[in-house]
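First comes the structure, then the notes that go with it.
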Amino acid sequence: VQLQASGGGSVQAGGSLKLSCPARRIILSEFVRSRMAWYRQAPGKQRDMVAQMISGGSTTYEDSVKGRFTISRDNAKRAVYLQMNSLEPEDTAVYYCNIGTSSRDYWGRGTQVTVSS
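The numbering of the sequence shown is my numbering, which starts it at -10 and goes up by one.
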């Protein structure tokens, strides 16, 4: 199972995007107990986590995106989302979704987000 993130694009600073990552091939019983996260990787930089949600719903965010990004999940649709508001040029990167179940760690193909000033 390979995930595919979507929803990226090019926006001006201050704009919004919502990334989606469907995971319908992960069985529901694993999905609801999984840890979910979004990472990003800018050119020449390492891949860093920007948002995480554990199975109980608790979330953590990288400091630079707090108050602007929101991670969410839809167990019925088996999907994870990242709502990104007030985007800044520094948010430009390839964004990847990551789902960690009890048996496996899944990564998605990234989606490019480009924010122009």
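All residues carry an ideal CB built from backbone N, CA and C; glycine is no exception. Since the model is a prediction, treat every value here as computed from it, not as a measurement.
Euclidean distance between Cα positions of residue i and residue j
i, j, result
"G3", "S106", "9 Å"
"Q(-9)", "S9", "14 Å"
"I16", "G(-4)", "24 Å"
"R67", "K7", "16 Å"
"Y85", "K55", "18 Å"
"G99", "Q30", "9 Å"
Buried/exposed call for residue i, threshold 16 Cβ in 10 Å
i, result
"A65", "exposed"
"R93", "exposed"
"R62", "buried"
"G45", "exposed"
Nearest neighbour of residue i, chosen from the options [CA to CA]
i, options, result
"E77", "F58, Q(-7) and A40", "F58"
"Y95", "Q1, V39 and A26", "A26"
DSSP-derived helix/strand/coil call for residue i
i, result
"P11", "strand"
"V102", "strand"
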